[in-house]
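Down below is the structure, laid out as structure tokens.
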Amino acid sequence: MMLAHARLRAVILGLLVVGLAVGLMADALGYRQLTIVAWDAPATIVALVVAIDFIAGLWRGTLGVDLIALLAIAASIALGQHLAGVIVAAMVAGGAALEEYAGARARRELAALVSRTPVIAHRTRDGVIVDIAIAAVAIGDELIIKPGEVVPVDGAVVQGPAILDESPLTGEPLPVTRAVDQTVRSGVLNAGGPFVLRGTATAAHSTFEAIVRLVRSAERERPPMARLADRWAVAFLAITLASCGAVWLWTGEAMRALAILVVATPCPLILATPVALICGISRAAKRGVIIKGGGALERLSRANVALFDKTGTLTTCQFPLKRLFLNSCDRSAA
Numbered sequence: 001m002m003l004a005h006a007r008l009r010a011v012i013l014g015l016l017v018v019g020l021a022v023g024l025m026a027d028a029l030g031y032r033q034l035t036i037v038a039w040d041a042p043a044t045i046v047a048l049v050v051a052i053d054f055i056a057g058l059w060r061g062t063l064g065v066d067l068i069a070l071l072a073i074a075a076s077i078a079l080g081q082h083l084a085g086v087i088v089a090a091m092v093a094g095g096a097a098l099e100e101y102a103g104a105r106a107r108r109e110l111a112a113l114v115s116r117t118p119v120i121a122h123r124t125r126d127g128v129i130v131d132i133a134i135a136a137v138a139i140g141d142e143l144i145i146k147p148g149e150v151v152p153v154d155g156a157v158v159q160g161p162a163i164l165d166e167s168p169l170t171g172e173p174l175p176v177t178r179a180v181d182q183t184v185r186s187g188v189l190n191a192g193g194p195f196v197l198r199g200t201a202t203a204a205h206s207t208f209e210a211i212v213r214l215v216r217s218a219e220r221e222r223p224p225m226a227r228l229a230d231r232w233a234v235a236f237l238a239i240t241l242a243s244c245g246a247v248w249l250w251t252g253e254a255m256r257a258l259a260i261l262v263v264a265t266p267c268p269l270i271l272a273t274p275v276a277l278i279c280g281i282s283r284a285a286k287r288g289v290i291i292k293g294g295g296a297l298e299r300l301s302r303a304n305v306a307l308f309d310k311t312g313t314l315t316t317c318q319f320p321l322k323r324l325f326l327n328s329c330d331r332s333a334a
């Protein structure tokens with residue numbers, strides 16, 4: 001979508017704000033021609049951009065409901081409803097701007113999650129320590145995990161014990177201790193001294209990489225609401241246009257048909273649903289909550305019962321003093 005380009009979007013939004021303000025002042029002062037120009041100019045630019053996007057969509061084989069917004073702007077200008085035209089244009093451009101902002105935030109959340117992935121591992125073999133790329137770690141390799149480092153692959157403790165901060169994966173706030181031969185999952189933080197880990201999986205098949213893949217697949221997934229919108233886009237467009245035509249023919253008043261177009265104009269904020277889901281899944285994964293796709297997150301809004309396997313998932317192990325109860329004692333004396 002052309003309105004997703006930052007510079008073009010900024011210019012168009014600026015023109016819309018200035019045009020709307022100038023038009024309102026000119027209208028209040030009685031400068032009708034200036035009002036028309038101030039409102040129609042930015043609205044026409046938005047209509048041209050939407051028309052280009054619509055034609056590009058047809059070329060790709062998709063029919064979008066943006067045609068309704070295009071017709072609403074064009075009809076508003078043609079019928080002299082200049083304020084309605086610029087408001088519809090502002091709704092389209094503003095919705096696209098907010099959608100892009102949310103998308104950029106979602107991408108930042110995903111980048112922050114991926115940035116926790118280690119890039120090197122310290123392999124020890126015959127007493128020699130060599131730094132290797134994570135992708136080069138093989139099953140059976142013995143790795144030294146230094147204090148403060150993220151465990152790169154799933155494995156078992158060879159020399160330990162290992163004191164680990166598993167909160168990124170489990171939500172448990174307190175460090176846990178893993179003895180020799182106990183398993184350790186990738187993505188947890190070494191909160192103690194160095195220990196030796198024998199890899200039981202490659203980096204590509206480890207727990208943390210699976211979480212990253214899950215978030216990335218959720219980014220590509222079409223959530224139920226978006227799939228529903230796609231499924232009914234053509235029908236909604238046909239019903240809207242048919243209703244406009246029928247009302248126009250029945251009443252002979254084009255203004256009534258315009259009213260239907262304006263009311264039926266789809267707000268781009270609705271289309272931001274996938275972006276909100278991506279952002280939510282990325283943020284949840286960053287905090288140790290793994291959500292297996294946008295559909296699950298949407299269904300969560302209808303849930304009224306939640307089951308948790310342990311209190312550590314919900315608590316922080318910080319116990320503040322909320323209230324002091326005194327038995328048979330003067331509070332001032334205490």
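Counting in full-length UniProt numbering, the sequence shown runs from 1 upward without gaps. Cβ atoms here follow ideal geometry from the backbone N, Cα and C, with glycine treated the same way. Keep in mind it's a predicted model, so treat the numbers as computed, not measured.
As assigned by DSSP and simplified to three states, the class of residue i
i, result
"Gly187", "coil"
"Ile87", "helix"
"Phe54", "helix"
"residue 353", "Residue coverage of the chain in this structure runs from 1 to 334, which leaves residue 353 outside it and unanswerable."
"Leu269", "Residue confidence for Leu269 is low, a pLDDT of 48 falling below 50, so the modelled location carries little weight; the figure read from the coordinates is stated next. In the structure shown, Leu269 sits in coil (DSSP, three-state: anything other than H, G, I, E or B)."
"Gln81", "coil"
"Asp66", "helix"
"Ser206", "coil"
"Glu298", "helix"
Distance CB(residue i)-CB(residue j) smaller than 9 Å
i, j, result
"Pro175", "Ile163", "yes"
"Gly19", "Ala51", "no"
"Leu8", "Val37", "no"
"Arg198", "Val158", "yes"
"Leu34", "Val46", "no"
"Pro161", "Thr177", "yes"
"Ala156", "Thr200", "yes"
"Pro266", "Ile87", "no"
"Leu237", "Val65", "yes"
"Ser186", "Thr207", "yes"
"Leu143", "Asp165", "no"
"Arg32", "Ala26", "yes"
"Leu71", "Leu261", "yes"
"Ala84", "Leu16", "no"
"Val180", "Ile281", "no"
"Ala264", "Ser243", "yes"
Span of the beta strand (DSSP E) around residue i
i, result
"Asp165", "162-165"
"Gln159", "155-159"
"Ile145", "142-145"
"Leu197", "195-199"
"Asp150", "A quick correction: the sequence has Val, not Asp, at residue 150. That residue, Val150, is in no beta strand (DSSP E); it is neither H nor E in DSSP."
"residue 341", "The displayed coordinates of the chain run from 1 to 334. Any statement about residue 341 would go beyond what the structure contains."
Residues bridged to residue i (per DSSP)
i, result
"Ala133", "Ile120"
"Val128", "Arg125"
Endpoints, alpha helix (DSSP H) assigned at residue i
i, result
"Val262", "254-264"
Check: residue i C-beta below 8 Å from any heavy atom of the ligand SAM
i, result
"Gly95", "Only the bare structure without any ligand can be found here, which leaves the ligand SAM out of the picture."
Using 8 Å as the threshold, is the region 247-259 in touch with the region 66-83, meaning 3 or more CB pairs across them?
yes
Can you find at least 3 beta carbon pairs, one from the region 112-126 and one from the region 141-151, that sit closer than 8 Å?
Output reads yes: the region 141-151 touches the region 112-126.
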